[in-house]
Structure formats: C-alpha cells, structure tokens
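Presented below is the structure to which this report refers.
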Amino acid sequence: MAKEQLTDGAAPALVVSHLTKRFGDRSAFEDVSFEVARGEVFGFLGPNGAGKTTTVRTLGTLIAPTSGSAVVAGIPLSAATGAEIRQLISVMPENPGLYVRLTVQENLELFAGLYGLASPGARIAGVLETVNMAPRARDLCGRLSKGLRQRVGLARALLSDPVVMFLDEPTSGLDPVASRDVHDLIASLRERGVTVFLTTHRLEEAERLCDRVAILNTRLLAVGPPEQLRTQLFRSSLVVETAARLPAPEAIFTPEMGVDKWTPDGDAAYVLTVAEPRMAAPRVTRALVAAGADVVSIAVSHHSLEDVYLELVEADPEAGR
Ligand SMILES: Nc1ncnc2c1ncn2[C@@H]1O[C@H](COP(=O)(O)OP(=O)(O)OP(=O)(O)O)[C@@H](O)[C@H]1O
Ligand SMILES: [Mg+2]
Numbered sequence: 034m035a036k037e038q039l040t041d042g043a044a045p046a047l048v049v050s051h052l053t054k055r056f057g058d059r060s061a062f063e064d065v066s067f068e069v070a071r072g073e074v075f076g077f078l079g080p081n082g083a084g085k086t087t088t089v090r091t092l093g094t095l096i097a098p099t100s101g102s103a104v105v106a107g108i109p110l111s112a113a114t115g116a117e118i119r120q121l122i123s124v125m126p127e128n129p130g131l132y133v134r135l136t137v138q139e140n141l142e143l144f145a146g147l148y149g150l151a152s153p154g155a156r157i158a159g160v161l162e163t164v165n166m167a168p169r170a171r172d173l174c175g176r177l178s179k180g181l182r183q184r185v186g187l188a189r190a191l192l193s194d195p196v197v198m199f200l201d202e203p204t205s206g207l208d209p210v211a212s213r214d215v216h217d218l219i220a221s222l223r224e225r226g227v228t229v230f231l232t233t234h235r236l237e238e239a240e241r242l243c244d245r246v247a248i249l250n251t252r253l254l255a256v257g258p259p260e261q262l263r264t265q266l267f268r269s270s271l272v273v274e275t276a277a278r279l280p281a282p283e284a285i286f287t288p289e290m291g292v293d294k295w296t297p298d299g300d301a302a303y304v305l306t307v308a309e310p311r312m313a314a315p316r317v318t319r320a321l322v323a324a325g326a327d328v329v330s331i332a333v334s335h336h337s338l339e340d341v342y343l344e345l346v347e348a349d350p351e352a353g354r
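Just so it is clear: in the sequence shown, position 112 is 145 by the numbering used here, and no numbers are missing.
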C-alpha cells in the first residue's frame, strides 16, 4: 500500500536537509542538503573518507544522524519510522556480507524469509535471472569471486522490490563485462521507475548513468546534471588545428569572431575561449579560410565530469584531510 502511495504522489524520493553525522569530534558529513526525484538515478561522488557510505548508512536507517532531517521514500527519518522505511528501500553495501557457508540460493532464501516475502521461490528465481546468476544458484557464496558475490548482493537488494535503492560502489572490483551488466541493470531499474542512489568512484559511470550527481567532500560541493556542472565551471572552448602555423592569429581570433581569449597549443593549434561555440566555430572557420589558412580540424573541447570533479575536489580547502 505504501509503495503505491509513493508511486502515485509527487513527493521526492529523498529530501535531505542540513544533515550531519559526527563520530566523536570528526564529521563524516556536515550540513548536507539535497533532493532526489522519484525515478531518478542520482550519483554520489567524492574522495575516500568523504562521507558517502555514512550518508548511505544514515539514509538507509542503519545509523542515526547527529542533526538535520531527511525524508526517505516519503517517510520522515526517525528511530520510530526505521522499520517502515526499510520496507520501501534496499541498501547494497560496499561489502555484500553474505553467509559464505550457504549457497547463493540459501542466502537469498534466508533474506527473503527476513523480508517476509510472500512467494519467495519465484522472486528468488527472478532476481537470480536479473543478475545472471541462475546457473550459480547452488554454489557456496564463499567460493564465488568478488564480482560474483557483488552480483548476489545486488540480487539480495532487489528481493524486496524496493522503490529506492542505495548502491554503494556496485561496480567496484568488477571486470568490464560485469560492470556493463550492472550498468544495464541500473538502466532497467530506471525504466521500472526505481530511484537509484549510486555511490561510485567511476566518473565515466556516473556521467553515463546518472541524471544528476552530487560531489561530496564532508560538505556538499555541487549538485546538478553533469552537463550543467560542466558549463557552470568551465567556459566553452574551441580547438583549432591548421596545416601550418598562422602568421597573424591575433587578426583572426578576435572578439568579432566571438573569441574572448586564445592561446597557442603546440605548433599549429590554438585553443579559443568562446561564449557560444556554435556561433564562433563557423565564423572562425570562414575567417581562417579567407586568410588562406588550411583548416585541419576545429572542434568544441569537451570537459568531462572528471574535470569537474578534480576542479572542485582539488580546490576544496578540506581536500587531503
Ligand atoms: N563507525 C565509525 N566510527 C568512526 N568514524 C567513522 C565510522 N564510520 C565512518 N567513519 C569516518 O567517517 C568518514 C567518512 O567515511 P565513509 O565511509 O562515509 O567515507 P566514503 O566516502 O564512503 O569513503 P570511501 O570512498 O573510501 O568508501 C571517514 O573519516 C571515516 O573514517
Ligand atoms: Mg564508502
């Protein structure tokens, strides 16, 4: 019933407001506020020790915050509401914590029992299929490789058909094929309307999968779609390569062409800072041709999410603590 309420209503999947968790006099995270919409894949990035796992553990009702508040799956987070929230969410921790002397099937049966699932047999078969582990159902978990154990952890997290899933570094230690499988799985969760809170150190993964990302370093440094963070932080630039060095580049790369600034980049290449690459590129090309230059290439240089991350984290006074 609660699941339907959440799917029908317009409430965000997560509302985090001035949330802080301290262990003694060390802050794991401090004054963190953000919202995650329903059905969103939300990336949570940050250096080691930034507080990502502690945030997941807090929002996953495993530990209590020191101060601030949160609403998880439509329910205000408190000691009293923990059990109710846990019905609607699932957490795949950094270490899946499986019973190594039990088989994959037995592990899932155990957890299905703890969740009180109605028809566990069909559900277990379904999640094993989803993570491509059906052929290994009878293997002992202790004998599985790290990546295969990770998949069992994912299968377990899927058992309860959650509306919000917290995945803490789900592709850490996985080979490229297994990582791609996890990416496909996250994409299929999105299609089913599941909200995914994904912590990762793989920035290309976040860039590809996430609608929005947050960058945390004890405090929240930025939140937004990767594209927006890029344009907020970096001016656009064009990279121009010509067959030979230009005799008078300053006569071509002018404000009239839409160029704010330019610097040479090697022998016959130039990086131009522009406000509107789509306007400046054709103008600059025409001016180069008119000046008798042979244009080899002209391209918009693209800042990656990694550029954004490094810029923010390295500029942060908290960095390297
Ligand atoms: N139970 C605990 N007791 C004391 N300090 C803790 C505890 N759990 C986490 N911390 C501290 O809180 C900070 C944040 O840790 P957390 O595990 O959340 O980081 P993380 O962002 O997940 O890092 P990683 O990328 O390495 O997984 C660290 O300084 C860590 O040592
Ligand atoms: Mg962590």
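Even for Gly, the Cβ is constructed at its ideal location relative to N, Cα and C. As the structure is a computational prediction, the values presented were derived from the model and not from experiment.
Counted as a single uninterrupted DSSP element, the alpha helix (DSSP H) harbouring alanine 190 occupies residues 179-191. Setting aside the 5 residues that flank it on each side, leucine 231 is surrounded in the same chain by Gly76 and Leu200, each with a C-beta closer than 6 angstroms to its C-beta; the list follows chain order. Sequence-distant partners of arginine 156 (beyond 5 residues in either direction) whose C-beta falls short of 7 angstroms from its own C-beta, in its chain, are Ala145, Leu150 and Leu192. The criterion of a C-beta distance shorter than 8 angstroms is not satisfied by serine 60 and valine 49. Here the segment 92-107 does not lie against the segment 269-277, with fewer than 3 beta-carbon pairs under 8 angstroms apart. Taking all protein chains in view, the Cβ of threonine 251 is crowded by 16 or more other Cβ atoms within 10 Å, so the residue is classified as buried.
One alpha carbon belongs to proline 126, the other to leucine 95, and they sit about 11 angstroms apart.
Closest in C-alpha terms to glycine 159, from the list Arg134, Leu135, Cys174 and Arg189, comes Arg189. Ranked by Cα distance from alanine 112, the first of Leu242, Leu321, Gly130 and Gly93 is Gly93. In the three-state scheme derived from DSSP, where H, G and I count as helix and E and B as strand, isoleucine 96 is classed as coil. Note that the C-beta distance between alanine 83 and leucine 47 is not below 8 angstroms.
Of the residues Lys179, Gly175, Ala308 and Val137, the one whose Cα lies closest to the Cα of proline 168 is Val137. Going down the chain, each residue whose beta-carbon is closer than 7 angstroms to a heavy atom of ligand 2 shows up: Lys85, Thr86, Glu127, Asp201, Glu202 and Thr232. Only residues of its own chain outside the window of five on either side were considered, and among them none has a CB closer than 7 angstroms to the CB of glutamate 289. In summary, alanine 281 is exposed, with fewer than 16 beta-carbon neighbours lying within 10 Å of its beta-carbon over all protein chains present. Contact check for isoleucine 331 against valine 322 fails: the beta carbons are separated by 8 angstroms or more. A Cβ-Cβ separation of about 5 angstroms places leucine 131 in contact with asparagine 140 under the 8 angstroms criterion. Burial is judged here by how many other beta carbons sit within 10 angstroms of a residue's own beta carbon; threonine 264 has fewer than 16 and is exposed.
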